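What follows is a single structure, written as structure tokens, with notes after it.
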């Protein structure tokens, strides 16, 4: 069995995968909400403080906002996807370690 083979999850592995999928989906929605809020604050700050005389403090505040919200949304979502993928591999490996082997998932291949 290749370390990249797709295997059928047993009941215990399915339960773990479902719990982690729920949490990752919750995190995805939270990241999208944070991004929408960041964009709203950015637009509002420029609308209510349009004067050139406040550019420096307004822009400094928005720099801190960007630091607080982390990487751009596409990067954050890609990292979340990688996290989910690697946890799936960990579940697969845990199942193989528990059972000594696992049935291959028909119709899936590593190619």
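In the working numbering, the protein residues as written are -2 to 108. Built from N, CA and C at the ideal position, the CB exists for glycine as well. Predicted model only: the values in this text are computed from it and were never measured.
### Query
Bridge partners of residue 31, per DSSP?
Start at 1 with the first residue of the chain shown, and residue 31 comes out as number 34. According to DSSP, which records beta bridges pairwise, residue 31 is partnered with nothing at all.
### Environment of residue 4 [buried if 16+ CB atoms lie within 10 Å]
Counted from its first residue, the chain shown places residue 4 at position 7. Under this definition residue 4 is a buried residue.
### Task
Express the C-alpha separation of residue 80 and residue 67 in angstroms, rounding to a whole number.
As a first step, residue 67 must be located in the chain shown, where it is residue number 70. As a first step, residue 80 must be located in the chain shown, where it is residue number 83. Taking the straight line from one Cα to the other gives about 17 Å.
#### Entry: residue 108 versus residue 28 - alpha carbon distance
Taking the chain shown and counting its residues from 1, the one referred to as residue 108 is at position 111. Taking the chain shown and counting its residues from 1, the one referred to as residue 28 is at position 31. The predicted position of residue 108 is uncertain, since its pLDDT is 49 and thus under 50; a value taken from the coordinates is nonetheless stated next. Rounded to the nearest angstrom, the two C-alpha atoms are 32 Å apart.
### Task
Return the first residue and the last residue of the alpha helix (DSSP H) that residue 60 is part of.
On the chain shown, residue 60 is found 63 positions in, with the first residue counted as 1. Run containing residue 60: 52 to 66, per the alpha helix (DSSP H) assignment.
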